[in-house]
Amino acid sequence: MILRGSQILLLVLLVLGFGYFVVELYETPDSEYVESISQGEVTEQLHIRFVSDTDKRTEVGGYGVVTEDRNLYEFNSMDARLPRQSIDYPPDEDTVIFVLWDVDGEVMETHEVDL
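Just so you know, the sequence shown maps onto residues 1 to 115 in the numbering used here.
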């Protein structure tokens, strides 16, 4: 199969665009508990990959999304058995704060996420 100039250009743009998409989608926070946070465009959820150490995950009691004006939007209890979990985010925000709470309700970490 021989590709024409316009098809080659389209292929190059798709490959470069995919790389941009992946870079924009994932964030790797400086965290003891979170390996990565990714944004689900279609589902309006943040997908969180927690560390693989189950004992470390048991320190987390819950996690949530807080809006820029400090209102709690969504809260989930932690299931330490699962290294990957998701949480909804508000569709009309540009930035949210992802928060981890310990089992006593104290804030452990916060991470600003650009949507």
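Ideal Cβ placement from N, Cα and C applies to all residues, glycine included.
Under the three-state DSSP convention, the category residue i falls into
| i | result |
| --- | --- |
| Glu24 | Residue placement at Glu24 is flagged as unreliable, the pLDDT there being 43, under the threshold of 50; the coordinate-derived value follows with that caveat. Of the three classes helix, strand and coil, the one that applies to Glu24 here is helix, per DSSP. |
| Thr58 | coil |
| Leu3 | Low per-residue confidence applies at Leu3: pLDDT is 49, beneath 50, and the placement is therefore not dependable enough to give any value. |
| Met78 | coil |
| Glu109 | strand |
| Asp114 | strand |
Opening and closing residue of the beta strand (DSSP E) in which residue i lies
| i | result |
| --- | --- |
| Arg49 | 45 to 50 |
| Thr95 | 95 to 102 |
| Gly40 | 34 to 40 |
| Arg84 | 84 to 88 |
First and last residue of the uninterrupted alpha helix (DSSP H) at residue i
| i | result |
| --- | --- |
| Leu70 | It is Arg, not Leu, that sits at residue 70 in the sequence shown. No alpha helix (DSSP H) contains Arg70, which DSSP labels as neither H nor E. |
CA nearest to the CA of residue i, picked from the options
| i | options | result |
| --- | --- | --- |
| Arg70 | Val103, Glu93, Val42, Pro83 | Glu93 |
| Glu74 | Leu46, Glu106, Val42 | Leu46 |
| Ile48 | Val42, Thr28, Asp55 | Thr28 |
| Ile37 | Ser86, Asp104, Pro91 | Ser86 |
Cβ separation of residue i and residue j, assumed to be a contact under 8 Å, to the nearest whole Å
| i | j | result |
| --- | --- | --- |
| Asp102 | Glu59 | 6 Å |
| Thr110 | Val99 | 5 Å |
| Leu72 | Gly64 | 6 Å |
| Glu35 | Phe50 | 7 Å |
| Thr67 | Pro90 | 6 Å |
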